[in-house]
Amino acid sequence: MKKSHLTVGFFLLIFLYNLITMKIIRRIFTLLLTLSFIAAVGYLLFGLYEWGVHLTVLILFAVYLITAIWALLLFAQKRHLPAKASWYLMVILLPVFGIVIYMIFGRRYKGRKSLEDFRKQYSETYNIQEKSVKTKNEILNEQTNFSKLPILNGDLKIYDNGMFAFKEMFDDLKKAKKFIHLNYYIIKMSEIWEELKQILINKVEEGVEVRLIVDDFGRWALPWYEIKSLKKKGIDISIYDKVSFPFISSQNGCRSHRKYASIDGVVGYTGGVNLSDEYVNYSKEYGLWEDLIMRVEGQAVRAFSLLFINDWKLINNIVLDVKEYAPKVKSKFKNNVVLVEDSPEISIPLMQDSLVHWISKAKKSITLSTPYFVPTAEVVGALRTASLSGIEVKLFLPGQADKKSAFQASRGNAALLEEFGVKTYLIKDKFLHSKAGIFDGETAYLGTMNIDIRSFHSQFENLSLFEGPEVKKLEKIFERYEKNATPLKKMGYNPKGLWNRIRMTFLKILAPMM
């Protein structure tokens with residue numbers, strides 16, 4: 001075969017790729033395009049080998065050529081600098097293997113929209129004309145202006161005990177009359193799942209519609225025979241972004257980390273828990289687990305109902321009826337809530353920017369809890385400025401690790417902020433999975449957002465920003481955390497020690513994958 005023919009064939013594939021719009025065919029052409037590139041490089045190397053160049057030199061040249069091309073492609077990408085730098089170093093330090101890891105976890109989400117276009121499409125699809133509840137809370141008012149979602153009224157109840165929360169949730173599920181909509185990141189074969197599964201099967205037999213969304217990465221501990229069995233029994237299950245090797249897509253690194261439920265559109269649940277035993281301390285592997293779950297009742301549940309309709313459409317391209325599955329509910333409770341939802345579809349890091357703004361609005365105190373603290377430069381800067389301005393900043397982290405690399409990175413990042421007065425506490429002998437915060441004792445959030453790069457840039461997330469009596473309940477929970485915690489500065493951790501500096505350098509490279 002002549003080189004000119006190979007070149008023509010290569011560019012013909014590129015042309016055809018741009019013409020094809022069907023997802024599966026695009027993936028096939030991506031694979032063919034990759035194979036043709038490999039063939040072209042192989043053909044070049046074979047020609048050099050015939051000319052007498054040593055095989056070892058050819059292999060090294062091929063590795064260098066491929067790495068150089070990928071490094072240039074990464075450098076030209078339009079994405080946030082920390083991720084670009086991390087993947088750039090990954091590709092250079094781990095030739096070939098780094099590219100494979102990047103192809104699975106690092107590619108940018110295709111089809112990103114501006115926040116304005118995203119909200120316009122959202123409102124046009126569902127013809128939403130929801131008015132915000134009036135409040136004097138500046139953070140809530142400014143958040144609804146920014147994210148374009150309304151402030152809604154609701155009755156909130158926060159649980160810091162997974163067992164009690166699931167008992168309440170299961171009781172509400174048993175009372176369902178019309179529909180049950182669940183969206184969770186992880187489902188594992190477990191006692192909790194078995195109990196929930198039986199409730200869902202019973203409700204289907206009673207004529208209740210049951211729909212369940214689960215992320216494909218998160219459901220790996222749930223075998224396919226279990227999913228098929230549930231579908232046969234009438235439970236409508238959708239898997240977010242199935243990973244089909246070798247057809248790796250740009251979406252595969254962007255996971256759905258959301259966790260929420262809507263029961264008849266009148267009761268909802270959200271928080272950090274997934275459907276597995278560790279969240280109720282049944283699992284010996286993870287030890288004692290601290291988490292937060294919030295029950296929502298009233299008008300505010302509609303936000304979760306609409307979010308599920310949107311997520312269902314994203315996966316199945318089916319629009320559920322808004323009047324039927326997101327009914328308007330009138331309520332006059334003492335808590336006001338605005339849903340904050342973020343996704344890789346949106347061109348800006350909405351949750352990161354929101355968190356930075358909430359921190360900047362605080363005048364007296366900021367308290368945050370997160371299982372993983374791998375913040376962006378924007379969040380670090382906001383916390384540093386707040387602390388240096390005389391605002392009391394407290395950060396609660398796990399005292400026990402579920403992922404050693406993330407644990408070490410979290411501790412190292414927190415230690416660097418302690419130099420500026422931020423107080424960090426590690427919960428003794430427990431894995432803290434709570435994702436919450438309070439600002440000036442008046443405004444709080446609770447949801448699925450970790451304070452890390454993946455939550456800000458690569459995952460579908462949801463949280464509730466609220467005011468009202470339940471903020472005081474969350475304050476008391478944080479007070480309990482502090483009584484059972486060890487200050488990081490008393491643990492003798494030195495972020496400037498040689499070994500810790502070397503370790504943190506490597507952990508920063510891995511940060512986008514944590």
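Counted from 1, the sequence shown has number 425 at position 425 by full-length UniProt numbering; the numbering is strictly sequential.
For glycine and all other residues, C-beta sits at the position ideal for the given N, C-alpha and C.
Rounded distance between the beta-carbons of residue j and residue i, thought under 8 angstroms
i, j, result
"R384", "F439", "Not confirmed; about 16 angstroms, so no contact."
"S190", "S256", "S190 to S256, Cβ: 20 angstroms. No contact."
"A300", "N153", "6 angstroms"
"A382", "I359", "4 angstroms"
"I213", "N183", "4 angstroms"
"V91", "L65", "With a Cβ gap of about 13 angstroms, V91 and L65 do not count as contacting."
"T424", "L488", "4 angstroms"
"G271", "K259", "7 angstroms"
"P469", "K332", "Contact flag wrong, Cβ pair sits at about 14 angstroms."
"L162", "D342", "It should be pointed out that residue 162 corresponds to Gly in this sequence rather than to Leu. Wrong, their Cβ atoms sit about 25 angstroms apart, outside the cutoff."
"F373", "A414", "6 angstroms"
"L368", "L395", "5 angstroms"
"Y88", "A68", "At roughly 12 angstroms, the Cβ-Cβ gap does not stay under 8 angstroms, so Y88 and A68 are not in contact."
"T486", "G399", "7 angstroms"
"L463", "V340", "5 angstroms"
"S410", "L397", "5 angstroms"
Residues bridged to residue i [DSSP beta-bridge criterion]
i, result
"P398", "I427"
"M163", "For M163, which the question treats as bridged, DSSP gives no partner whatsoever."
"F439", "I366 and T443"
"P487", "Y425"
"K157", "R295"
"L152", "V337"
"I187", "L275"
"E290", "L432"
"E392", "S365"
Own chain, CB closer than 6 angstroms to residue i, minus 5 neighbours either side, in chain order
i, result
"Y159", "A165 and I293"
"Y126", "Residue placement at Y126 cannot be trusted, given a pLDDT of 49 that sits under 50; what the coordinates show is reported in the next sentence. Excluding sequence neighbours, Y126 sits near V322."
"L200", "V210 and I235"
"V380", "none"
"L60", "none"
"K157", "R295"
"D215", "Y185, Y240, R255 and S256"
"I477", "D160"
"residue 564", "Summary: the structure shown does not reach residue 564, with the chain confined to residues 1 through 514, and so no result is reported for it."
"F217", "R255"
Beta-carbon contacts of residue i that lie in its chain and below 7 angstroms, excluding the five residues immediately before and after
i, result
"F456", "P349, M351, Q352 and T376"
"N484", "I427 and K428"
"A221", "K188 and M189"
"A444", "A436, G437, I438, F466, V471 and L474"
"L320", "I309 and W312"
"K328", "R302"
"D172", "I263 and V267"
"E174", "Correcting the residue type first, residue 174 is Lys in the shown sequence and not Glu. Cβ neighbours of K174 beyond the five flanking positions: I199."
"K330", "Q299"
"V280", "G162, M163, F166 and I192"
Endpoints, the alpha helix (DSSP H) within which residue i is located
i, result
"Y225", "W224 to K232"
"F407", "K404 to E418"
"A303", "V301 to N316"
"N145", "E138 to S147"
Opening and closing residue of the beta strand (DSSP E) in which residue i lies
i, result
"K183", "This sequence places Asn at residue 183; Lys is not what is there. Looking at the DSSP string, the run of the beta strand (DSSP E) that includes N183 is F179 to Y184."
"V214", "E209 to D215"
"D236", "D236 to Y240"
Interface flag, residue i vs chain D, CB-CB below 9 angstroms
i, result
"E467", "The chain inventory of the structure shown lacks chain D, comprising one protein chain alone."
Contacting residues, own chain, Cβ-Cβ under 8 angstroms from residue i (five flanking each side not counted)
i, result
"V208", "A176, K177, K178, F179 and I180"
"K363", "I391 and D440"
"T144", "S132, P150, I151 and V338"
"K197", "L230"
"I99", "I66, T67, W70 and V91"
"E418", "T424, L488 and K489"
"F170", "E195, L196 and I199"
Just list the alpha helix (DSSP H) runs in the segment 319–379, keeping only unbroken ones of 4 residues or longer that don't cross its boundaries, in chain order.
Whole alpha helix (DSSP H) segments, 4+ residues: 322–325 and 350–361.
At 3 residues or longer, what runs of the beta strand (DSSP E) sit wholly inside the UniProt domain "PLD phosphodiesterase" (257–279)?
As far as the UniProt domain "PLD phosphodiesterase" (257–279) is concerned, its whole beta strand (DSSP E) runs of at least 3 residues are 260–263 and 267–271.
Segments of 4+ residues assigned as alpha helix (DSSP H) that fall wholly inside the segment 445–484
You should have 453–457 and 470–483.
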